[in-house]
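In the working numbering, the protein residues as written are 812 to 975. A virtual CB, placed ideally from N, CA and C, is assigned to each residue, including glycine.
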């Protein structure tokens, strides 16, 4: 992986509400595999059964409060990443989901935004802004060290490179 900072992301929005838990992100019956394509093919089926057939690489999820609540399964952000989700924007994240997402290199930002499903939004991770059409929404800026982890594709690669 490169060490290029991921500061700007743009993509099509998939919209979800509050309290999207890890059981609907990747149902427990699929957790006995380590095959990322299985995770990707069943992502979000607990809330949007056709999601995996409709999502394309570079899409963004916009959600309400407490995204990723429930169990601490790392497979939830992995399923989203391998399905092609480029970033998740949510009003707030469950703490363990937030850290798991950063650890596996899935960009996230806490921001309350106004958008509709299908809108194309732009995310500025460095400055903590999300833009939709002519509106700009201030979110939480990711600290440099978290953006560094994302730039390396996750915590494992980041630590490998830092030790060298």
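Unbroken alpha helix (DSSP H) run spanning residue i, endpoints
i	result
residue 960	955-962
residue 872	No alpha helix (DSSP H) contains residue 872, which is instead part of the beta strand (DSSP E) from 871-874.
residue 917	Unbroken run through residue 917: none, as it is neither H nor E.
Start and end residues, beta strand (DSSP E) containing residue i
i	result
residue 914	First-last for residue 914: 906-914, but that is the alpha helix (DSSP H), not the beta strand (DSSP E).
residue 948	946-949
residue 821	819-826
residue 940	940-943
Three-state secondary structure (DSSP) of residue i
i	result
residue 933	strand
residue 952	coil
residue 925	coil
residue 901	strand
residue 813	With a pLDDT of 49 at residue 813, under the threshold of 50, the predicted position of this residue should be treated as unreliable, though the coordinate-derived value follows. Coil, per DSSP.
residue 973	helix
Cβ-Cβ separation, residue j to residue i (assumed contact under 8 Å), whole Å
i	j	result
residue 878	residue 862	At roughly 15 Å, the Cβ-Cβ gap does not stay under 8 Å, so residue 878 and residue 862 are not in contact.
residue 921	residue 951	4 Å
residue 959	residue 969	6 Å
Neighbour flag for residue i against chain B, beta carbons, 9 Å
i	result
residue 933	The chain inventory of the structure shown lacks chain B, comprising one protein chain alone.
Selected residue, minimal CA-CA separation from residue i, among the options
i	options	result
residue 944	962, 855, 924, 827	924
residue 843	869, 886, 872	886
As an exercise, report each continuous beta strand (DSSP E) stretch of at least 3 residues that is fully enclosed by the region 836-864, in chain order.
none
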